[in-house]
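>
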Amino acid sequence: MAAILGGVGGSILSTLASRPRVAWAYRELLVNLVRRDLRTRYRGSALGILWSLANPLLMMGVFTIVFTTLMPQDIPRFHVFVLCGLLAWNWCAGSVMGGVFSITGNAHLIKKVAFPREILPLASVISNGINFVLACIPLVAIAAFSGIVPSPLIVLLPLVIAIQFVFLGGVALILGSLNVYFRDTEAIADVAILAWFFLTPIFYSVENLSPQYSRLIYILNPMASIISTYRLIFYYQSPPAPEFVLRMALQAAIVFVVGYTFFSWRAPDFGEEV
1 MAAILGGVGG SILSTLASRP RVAWAYRELL VNLVRRDLRT RYRGSALGIL WSLANPLLMM
61 GVFTIVFTTL MPQDIPRFHV FVLCGLLAWN WCAGSVMGGV FSITGNAHLI KKVAFPREIL
121 PLASVISNGI NFVLACIPLV AIAAFSGIVP SPLIVLLPLV IAIQFVFLGG VALILGSLNV
181 YFRDTEAIAD VAILAWFFLT PIFYSVENLS PQYSRLIYIL NPMASIISTY RLIFYYQSPP
241 APEFVLRMAL QAAIVFVVGY TFFSWRAPDF GEEV
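Residue numbers for the sequence shown follow the numbering used here, beginning at 1 and rising by one.
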């Protein structure tokens, strides 16, 4: 049994290790899919891609008014605090819903063109990641205006971005596969996203909760760890503990391996099911 499990595990790791080379071979298709996603999202819009900046700013204003006037918080520069969380969350929410439709919404490609199917959900994660990076520009400006000047610790941000990409890639792979066979996945994801939003420390700090609840949130909700790390680096300007980052990276890697394994198992039948 151990030999069988070892062989299966080795096969999965070998396949995962080879996928970057395969994705690189289809990089032109991946780039075109990302461009198409961005163009489709803002087609006919007066502001275009500026909505990726306007949306979190509007939400930041609403949360700031509510949680500094109606429900006062003891968090200084609350608008910067909440915007840090909102930007990372918007990347998450957009990737989740984009991942749900990544396969069923590209049935014409799946039936006519041979290419690695995982490119479709990953393209959604990348396009939403581009929106995230663009939206960070006003965050830096607002933070600087509020007295928070970026510290040298921002060199750690690409690591956190990479971890979030890996995590969201795994989630998108799982949901994209599920929606091919269970079309209720869309409705379930809509409800789950709302619940997940409130269970993620976007407008509150995990540190304000009791230790047992904060540990539970960090263990069960990778986005809580990711958002807290963004804030540590940018808002609090404090280096995250190495063991905290390692656990966060491990969580993301596990989700991606599970997602990719499930996706690879179901992908051969996509052409018949979509």
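The beta carbon of each residue, even a glycine, is placed where N, CA and C say it ideally should be.
Could you pull out every residue in the same chain whose Cβ sits closer than 8 angstroms to the Cβ of V258, ignoring the five residues on either side in sequence?
So the list reads G170, I174, once near-sequence residues are dropped.
> For G282, is the classification buried or exposed, using 16 other Cβ atoms within 10 angstroms of its Cβ as the cut-off for buried?
Past the edges of the chain, shown from 1 to 274, lies residue 282, and the structure says nothing about it.
> Please return the same chain residues whose Cβ sits closer than 7 angstroms to the Cβ of L29, not counting the five positions on each side in sequence.
Counting only Cβ-Cβ distances below 7 angstroms, and skipping sequence neighbours, we find F115, I119.
> Count the other C-beta atoms from every protein chain shown that fall within 10 angstroms of the C-beta of T200, then say buried if there are 16 or more, exposed otherwise.
Buried: at least 16 other Cβ atoms inside 10 Å.
> Decide if L194 is buried, meaning its Cβ has at least 16 other Cβ atoms within 10 Å, or exposed.
The residue in question, L194, is exposed, as its Cβ has fewer than 16 Cβ neighbours within 10 Å.
> With a CB to CB cut of under 6 angstroms and the five nearest residues on each side skipped, what residues in its chain are close to I110?
Closer than 6 angstroms at Cβ, skipping near neighbours: F270, G271, V274.
> Give every residue of the same chain whose Cβ lies closer than 8 angstroms to the Cβ of G98, excluding the five residues on either side of it in the sequence, and list them in chain order.
If we look at G98 and ignore the five residues flanking it on each side, its Cβ neighbours are D37, P121, S124, V125, S127, N128, A172.
> For F81 and I163, I'd like the C-alpha separation in whole angstroms.
Rounded to the nearest angstrom, the two C-alpha atoms are 21 angstroms apart.
> If you drop the 5 nearest sequence neighbours on each side, which residues of the same chain put their C-beta closer than 6 angstroms to that of A143?
Cβ within range, chain order: V80.
> Considering only residues of the same chain and omitting the five flanking positions on each side of F167, which have a CB-CB separation below 6 angstroms?
Answer for F167: P222, A252, V255, listed in chain order.
> Only counting the same chain, and skipping five residues up and downstream in sequence, which positions put a Cβ closer than 8 angstroms to that of Y26?
Result list for Y26: F115, P116, I119, in chain order.
> Distance, Cα to Cα, I161 vs H108?
Cα to Cα, the separation comes out at about 32 angstroms.
> Have a look at F197, N131, I103, F78 and flag the residue whose alpha-carbon is nearest the alpha-carbon of R183.
The shortest Cα separation from R183 among F197, N131, I103, F78 belongs to I103.
> Per DSSP, what kind of secondary structure is Q73 in: helix, strand or coil?
Three-state DSSP puts Q73 in coil, outside helix and strand.
> Is it buried or exposed, A192, if we count other Cβ atoms within 10 angstroms and call 16 or more buried?
Counting Cβ neighbours within 10 Å, A192 comes out exposed, since fewer than 16 surround it.
> I'd like the list of long-range same chain contacts for G176, defined as Cβ closer than 6 angstroms, with 5 residues on each side in sequence excluded.
Around G176: G99, S102, I103, P121.
> Tell me whether G99 sits in a helix, a strand or coil according to DSSP, three-state version.
In the structure shown, G99 sits in a helix (DSSP, three-state: H, G or I).
> Please report the distance separating the alpha-carbon of N179 from that of S95.
Their backbone Cα atoms lie some 14 angstroms apart in a straight line.
> I'd like the span of the alpha helix (DSSP H) that includes Y42, first residue to last.
It spans 27 to 42 - the alpha helix (DSSP H) in which Y42 sits, taken as one unbroken run.
> Between which two residues does the alpha helix (DSSP H) carrying S177 extend?
Taken as a continuous stretch (DSSP letters only), the alpha helix (DSSP H) holding S177 covers 157 to 181.
> Taking only the alpha-carbon atoms, compute the straight-line gap between F63 and Y181 and give it to the nearest angstrom.
Distance between the alpha carbons of F63 and Y181: 38 angstroms.
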